[in-house]
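Visitor:
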Amino acid sequence: MGSLVKFLQETYGKKSLLDAIKAGGWKALIDGNVGQTTLVHGPGATLVGTDEFGNKYYERMTEQFGRHRWVVYGNLNWEAHGQEPTTVPAEWHGWLHSIYDTPPSKVPPKKPIYALTQKPNMTGQPGCFLPKGAWQNPEKRNWQKMQMWQPPSRA
Amino acid sequence: MAACDAAGIDIPRFCYHQRLSIAGNCRMCLVEVEKSPKPVASCAMPAGPGMKIKTDTPLVKKAREGVMEFLLINHPLDCPICDQGGECDLQDQAMHFGSDRGRFTEMKRAVDDKNLGPLVKTVMTRCIHCTRCVRFATEIAGVQDMGITGRGRDSEVGTYVDKLLTSELSGNVIDLCPVGALTSKPFAFTARNWELKNTESVDVSDALGANIRIDSRGAEVMRIVPRLNEDVNEEWISDKARFQYDGLKRQRLSVPLVKGKDGGFRNAHWSEALLAIQQALKGVKGNEIKAIAGKLSDAEAMIALKDLMNRLGSGNLQHEAGFSDLDADVRSNYLMNTGISGIEKADAVLLIGSNPRLESPVFNARIRKMWLEGVPVYLIGSQVDLTYAYTYLGNSPEALTKVLKNSDALKRLKEAKRPAVIVGPGVLKRSDRDAVLQQVHGLVEKAEVVKEGWNGYNVLHDAASRVAALDIGFLPSARASAAPPAKFVYLLGSDDWQESDIPEGAFVVYQGHHGDRGASRADVILPAAAYTEKSATFVNTEGRAQRTKEAVPKPGDSREDWQILVALAEVLKQPLPYKTLNAVRERLAEVAPHLQHVDEREAPIWLNGEYFKAFASKAGKAAASNKEFRSSIDNFYMTDVISRSSQVMAKCVQAKGSMRQGSYAS
Chain A
1 MGSLVKFLQE
11 TYGKKSLLDA
21 IKAGGWKALI
31 DGNVGQTTLV
41 HGPGATLVGT
51 DEFGNKYYER
61 MTEQFGRHRW
71 VVYGNLNWEA
81 HGQEPTTVPA
91 EWHGWLHSIY
101 DTPPSKVPPK
111 KPIYALTQKP
121 NMTGQPGCFL
131 PKGAWQNPEK
141 RNWQKMQMWQ
151 PPSRA
Chain B
1 MAACDAAGID
11 IPRFCYHQRL
21 SIAGNCRMCL
31 VEVEKSPKPV
41 ASCAMPAGPG
51 MKIKTDTPLV
61 KKAREGVMEF
71 LLINHPLDCP
81 ICDQGGECDL
91 QDQAMHFGSD
101 RGRFTEMKRA
111 VDDKNLGPLV
121 KTVMTRCIHC
131 TRCVRFATEI
141 AGVQDMGITG
151 RGRDSEVGTY
161 VDKLLTSELS
171 GNVIDLCPVG
181 ALTSKPFAFT
191 ARNWELKNTE
201 SVDVSDALGA
211 NIRIDSRGAE
221 VMRIVPRLNE
231 DVNEEWISDK
241 ARFQYDGLKR
251 QRLSVPLVKG
261 KDGGFRNAHW
271 SEALLAIQQA
281 LKGVKGNEIK
291 AIAGKLSDAE
301 AMIALKDLMN
311 RLGSGNLQHE
321 AGFSDLDADV
331 RSNYLMNTGI
341 SGIEKADAVL
351 LIGSNPRLES
361 PVFNARIRKM
371 WLEGVPVYLI
381 GSQVDLTYAY
391 TYLGNSPEAL
401 TKVLKNSDAL
411 KRLKEAKRPA
421 VIVGPGVLKR
431 SDRDAVLQQV
441 HGLVEKAEVV
451 KEGWNGYNVL
461 HDAASRVAAL
471 DIGFLPSARA
481 SAAPPAKFVY
491 LLGSDDWQES
501 DIPEGAFVVY
511 QGHHGDRGAS
521 RADVILPAAA
531 YTEKSATFVN
541 TEGRAQRTKE
551 AVPKPGDSRE
561 DWQILVALAE
571 VLKQPLPYKT
581 LNAVRERLAE
591 VAPHLQHVDE
601 REAPIWLNGE
611 YFKAFASKAG
621 KAAASNKEFR
631 SSIDNFYMTD
641 VISRSSQVMA
651 KCVQAKGSMR
661 QGSYAS
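First to last, the protein sequences are chains A and B. Per the UniProt record's numbering, the first sequence runs over residues 1 to 155. Per the UniProt record's numbering, the second sequence runs over residues 1 to 666.
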């Protein structure tokens, strides 16, 4: 229990258990995913690092292989953008899926010059990708195939 | 191969082309000849009597399969992104004659793309070295720009040093290329050829009337390619004809515009615009009305305008770009009497004040073809690169006089069985035209250019509408020169009028398809259809009536030219007696019967030189000034509203400018 309390306090960055529960720890009771990662797996795990989205990466080597690394999303909401797997940056993804064992928090990854910053999937939200002809697209495509003559301004 | 073609047996080929010399380097046309130990390249093998050629034996099949395999070794597998896809000889023949699998596992060769200018896109990795483009450039276009460098696997087709293809016919290498190595740059990645609608039409960029196929998708013209017509353009078209189509999408007029009191244009309905013209015509006398037809006007519109003007009491009709009062009584006086294909029979050619390379590049290729066969070419005119060698005789009417007196050239023309004299459009535009023409007529008589069964007196025009205008008599009437300054000017697609043609304060109506100089000057603008959007009659420089076809819909509110004029006549209470296109054409046939015989050339009658005498007595004795002859075209890529609106043509001008080839243009 003590480790659980410690874990929750650490997860939500609060001093007391009550504050942690208020800050969102209660979700662990109704959200299976949060419950699994925080209550079942969580206690006693080591926090390996945090990324720019606030996602926390945990590891506990006593777990079964394949379940020994997990992420607790920075945003635990259910609405759009809560618990969004595409917020995991490539370098953490590699560690999370055991592609390599050194976490990017220990050895900063080498990024090629053309690398872009991680962008979460925006589907269904403002800023999502829209084809150039989509009517929702604020940039209206010019379907006019012909350019008409503009009379010279009256001078 | 020709023998097999005549027998109706198709032999696959890449390098062989009827109009080019035989290279025999693709090896695709291998056939088995009896008593020959090896398969024979049929394109280079002359057929002999009693020769037995086998084209469907296992040996031939194996040979073709083998050749195809070799060709495909270094051909990339990019058909899905290749513009030639769907009309590619290699694709088709690989399907027919190729093997069903390849054995090639090594690396394919890669070749740098060459820069051939703004018209031809190159993907040289796709090249199969058929050398059709090289042969076209050297033999037909007459520019020694292209060639093959390297040997074997390293051979590359290209310009030797990074150089543009400086020919007005360069677009034809796109059609010649059997693969996707040379494709159209403006057309690149815009459409696939199987989604295009093909419309067979006629080009209006010069007076040759080249036969073209307009490929359109929806309301857009996607590309223009040549159509075979042995008598007109063979299978070539000029770059302007091929690439000016993007000008059809720019600077268009789509709604009638009426100039308000404040001097700005406002959109109007047709009825408003026509009523505004009616208002403007109130109190204007018949002889104060003037009409100017443009370079791209069709015969139907011109006859309707002529009828309307005559009904309004005006005979002041002009064709733009100054030959306002050329006598059009005798048709043989302003036509290419030998015919475009007939010129090839000539055995001596004299060009007077003409630069056919700019005025009609495809025709120029014909002269070059004759020159290659040994026909001497003489030139009185500006000394420019015509892609063939000529004897330069001077560049002024004085030189003409000198030739007339006594010269080798005159002797050669006289000796020739079928001499041809070609008078350029620049001559017709001169202020001292009558005097120069009299000299030319004198030369024609002295050199016996016209004789039994041969009329070598040729006039080359530079505008698509000019011959039709002369045929239907779209010319100022006898009293037109005495008319007071015009108060009302009707511009039928005319943008190259002289400043003196339109007096200050005149009410100007512009009917046309592009906003340019004419539209800027106008008080009322009536939007009309361009040549891709209407079925209209054009007469080319040899007097062949040809019809365009409607390939794409007209933009916005625009109408066909003759319809606008008929409607205007109704509003002016001077109705014209025709309401349908067929009726207009019947009227055309009344005025000029040969305009009804589409795609046929009616040889004009030569009045045994009587006309020359009449011309001389009419023009009187005038001395020719000593002004130099100039071609009527300064800038090949921008001659009319469509090409001036075209961005591709603008890029060509830029590319030519950056090359700084002083000798190129006159």
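For glycine and all other residues, C-beta sits at the position ideal for the given N, C-alpha and C.
Classify K61(B): buried if its beta carbon has 16 or more other beta carbons within 10 angstroms, exposed otherwise.
Guide: So K61(B) counts as exposed.
Visitor: Spatial neighbours of T122(B) within its chain, please: C-beta separation below 7 Å, excluding the five flanking residues on both sides.
Guide: Taken in chain order, the residues that qualify are D113, K114, L116, A181 and L182.
Visitor: From P425(B), K573(B), E445(B) and E234(B), pick the residue whose C-alpha is nearest to that of M336(B); which is it?
Guide: If we check each option's Cα against that of M336(B), P425(B) comes out closest.
Visitor: Which residue wins for smallest C-alpha separation from S407(B), given the options L437(B), D385(B), R433(B) and K446(B)?
Guide: Measuring from the Cα of S407(B), the nearest candidate turns out to be K446(B).
Visitor: Taking CB distances under 7 Å as the criterion, tell me whether K14(A) reaches chain B.
Guide: It does not; no Cβ of chain B falls within 7 Å.
Visitor: Any contact of the segment 96–105 of chain B with the segment 61–77 of chain B, i.e. 3+ C-beta pairs under 8 Å?
Guide: These segments touch.
Visitor: In this structure, how does DSSP classify E52(A) when only helix, strand and coil are distinguished?
Guide: Note: E52(A) maps to coil in three-state DSSP.
Visitor: State the DSSP-derived secondary structure class of L47(A), mapped to helix, strand or coil.
Guide: Looking at L47(A) - three-state DSSP - the assignment turns out to be strand.
Visitor: How many angstroms separate the CA atom of L165(B) from the CA atom of S98(A)?
Guide: Those two C-alpha atoms are separated by around 58 Å.
Visitor: In three-state DSSP terms, what is P419(B)?
Guide: Reduced to three states, the DSSP call for P419(B) is strand.
Visitor: Find the residues of chain B that neighbour residue 161(A), judging by a C-beta separation of less than 7 Å, and give them in chain order.
Guide: Shown here, chain A extends from 1 to 155; a query on residue 161(A) therefore has no answer.
Visitor: Which complete beta strand (DSSP E) runs does the segment 99–146 of chain B hold, if anything under 3 residues is left out?
Guide: Here the runs fully enclosed are 120–122.
Visitor: With DSSP as the reference, label N267(B) as helix, strand or coil.
Guide: Three-state result, N267(B): strand.
Visitor: Under the three-state reduction of DSSP, which class applies to Y664(B): helix, strand or coil?
Guide: With a pLDDT of 43 at Y664(B), under the threshold of 50, the modelled position of that residue is not reliable, and the figure given next carries that caveat. Here Y664(B) sits in coil by DSSP.
Visitor: Which chain A residues sit within Cβ distance under 7 Å of P555(B)?
Guide: Under the 7 Å cutoff, chain A gives M146.
Visitor: Under a Cβ-count criterion, where at least 16 other Cβ atoms within 10 Å of its own Cβ denotes burial, should D516(B) be classed as buried or exposed?
Guide: Buried: at least 16 other Cβ atoms inside 10 Å.
Visitor: Buried or exposed: where does E52(A) fall if 16 or more other Cβ atoms within 10 Å of its Cβ makes it buried?
Guide: With fewer than 16 other Cβ atoms within 10 Å, it is exposed.
Visitor: Give a yes or no on whether 7 Å exceeds the smallest Cβ distance from residue 156(A) to chain B.
Guide: A question about residue 156(A) goes unanswered here, because the residues of chain A that appear run from 1 up to 155.
Visitor: Can you tell me whether K295(B) is buried or exposed, with buried defined as 16 or more other CB within 10 angstroms of its CB?
Guide: When all chains shown are included, K295(B) counts as buried.
Visitor: Any idea if F14(B) is buried or exposed, counting beta-carbon neighbours within 10 angstroms, 16 or more meaning buried?
Guide: Buried.
Visitor: Just the Cα atoms here: how many angstroms apart are Q647(B) and G124(A)?
Guide: Those two C-alpha atoms are separated by around 41 Å.
Visitor: In the DSSP assignment, what are the bridge partners of G512(B)?
Guide: Bridge partners of G512(B): P527(B).
Visitor: In the structure shown, what three-state DSSP assignment does R250(B) receive?
Guide: Reduced to three states, the DSSP call for R250(B) is coil.
Visitor: Using a C-beta cutoff of 7 Å, does F265(B) count as contacting chain A?
Guide: Answer yes: the Cβ-Cβ gap between F265(B) and chain A drops below 7 Å somewhere.
Visitor: Check whether the segment 250–263 of chain B and the segment 540–556 of chain B touch, using three or more Cβ-Cβ pairs below 8 Å as the test.
Guide: Yes: the two stretches touch, three or more of their Cβ pairs being nearer than 8 Å.
Visitor: Show which residues of chain A have a CB atom less than 7 Å away from the CB atom of E220(B).
Guide: Result: K145.
Visitor: V221(B) lies in the beta strand (DSSP E); which residues open and close that run?
Guide: That run of the beta strand (DSSP E) goes E220 to P226.
Visitor: Looking at the structure shown, is F187(B) part of a helix, part of a strand, or coil, going by DSSP?
Guide: DSSP places F187(B) in coil when its eight states are reduced to three.
Visitor: Would you mind stating whether W371(B) and Y388(B) have Cβ atoms separated by less than 7 Å?
Guide: Yes, Cβ-Cβ distance for W371(B) and Y388(B) is below 7 Å.
Visitor: Can you tell me the Cβ-Cβ gap for A623(B) and D434(B), rounded? I've got them flagged as a contact below 8 Å.
Guide: Actually they do not touch by this definition, with Cβ atoms about 11 Å apart.
Visitor: Quick check on this structure: which residue in D298(B), L176(B) and V225(B) has the alpha carbon closest to the alpha carbon of Q546(B)?
Guide: Taking only the C-alpha atoms, the option nearest Q546(B) is D298(B).
Visitor: Between K345(B) and A420(B), what straight-line distance do the alpha-carbon atoms span, to the nearest angstrom?
Guide: Spanning the two alpha carbons is a distance of roughly 9 Å.
Visitor: Less than 7 Å between the beta carbons of I277(B) and V524(B), yes or no?
Guide: Yes; because the gap between Cβ atoms is below 7 Å, this pair is in contact.
Visitor: Could you give the first and the last residue of the continuous beta strand (DSSP E) run that contains T159(B)?
Guide: Taken as a continuous stretch (DSSP letters only), the beta strand (DSSP E) holding T159(B) covers E156 to T159.
Visitor: Rounding to the nearest angstrom, what Cα-Cα distance links A399(B) and R466(B) in this structure?
Guide: Rounded to the nearest angstrom, the two C-alpha atoms are 28 Å apart.
Visitor: Check whether chain A comes within 7 Å of Q251(B), counting only Cβ atoms and requiring the distance to be less than that.
Guide: Closer than 7 Å: yes.
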